[in-house]
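In the UniProt record's numbering, the protein residues as written are 1 to 111.
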């Protein structure tokens, strides 16, 4: 098995959850999301992020608005919808349960 592939799959599995958390803090531009994800060692590229944002928007979890920029073309800023907040909260509960379950398994004494 390839360790790096497994690590990438684990990170991809929580990408949607992390994006919803980032956006839930307030309006955010996609490059700011990429920067935060990268600094948290969740490596993602634009080619992954933009289709995911589109899917989340089509699912009714996100909205966006165009904002004029003094330094170039207009920018798309994302916000979370009420449905998105509920979805994020449900994922948060699932995450906490998974962390607890995984911790129970990986910390169990083998003796």
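Backbone N, C-alpha and C fix where the C-beta goes; we use that ideal spot for every residue, glycine too.
Practice prompt. Give me the Cβ distance between residue 56 and residue 62, rounded to the nearest whole Å; I'm assuming they're in contact under 8 Å.
Written response: Confirmed, Cβ separation roughly 5 Å.
Item to complete: Ignore the nearest five residues each way along the sequence and tell me which others in residue 65's own chain have a CB closer than 7 Å to its CB.
Response: The answer, listed in chain order, is 77.
Discussion item. Pairs of beta-carbons, one from the stretch 4-11 and one from the stretch 20-36, closer than 8 Å: are there three or more?
Written reply: No, they do not touch.
Practice prompt. Name the one or two DSSP bridge partners that residue 106 has.
Written response: DSSP output for residue 106 lists no bridge partner at all.
Discussion item. Less than 8 Å between the beta carbons of residue 14 and residue 33, yes or no?
Written reply: Contact: no.
Fill in: From 24, 3 and 104, residue whose alpha carbon lies closest to that of residue 92
Nearest option by C-alpha distance: 24.
Worksheet item: Going by C-alpha distance, which of 60, 100, 98 and 99 is nearest residue 82?
Response: Checking every option, the nearest Cα to that of residue 82 belongs to 60.
Discussion item. Excluding the 5 residues flanking residue 84 on each side, which residues of the same chain have their C-beta closer than 8 Å to its C-beta?
Written reply: Within the same chain, residue 84 has close Cβ partners 20, 23, 24, 56, 60, 61 and 62.
Worksheet entry | Among 37, 68, 80 and 41, nearest to residue 54 - alpha-carbon criterion | Of the candidates 37, 68, 80 and 41, the residue whose Cα lies closest to the Cα of residue 54 is 80.
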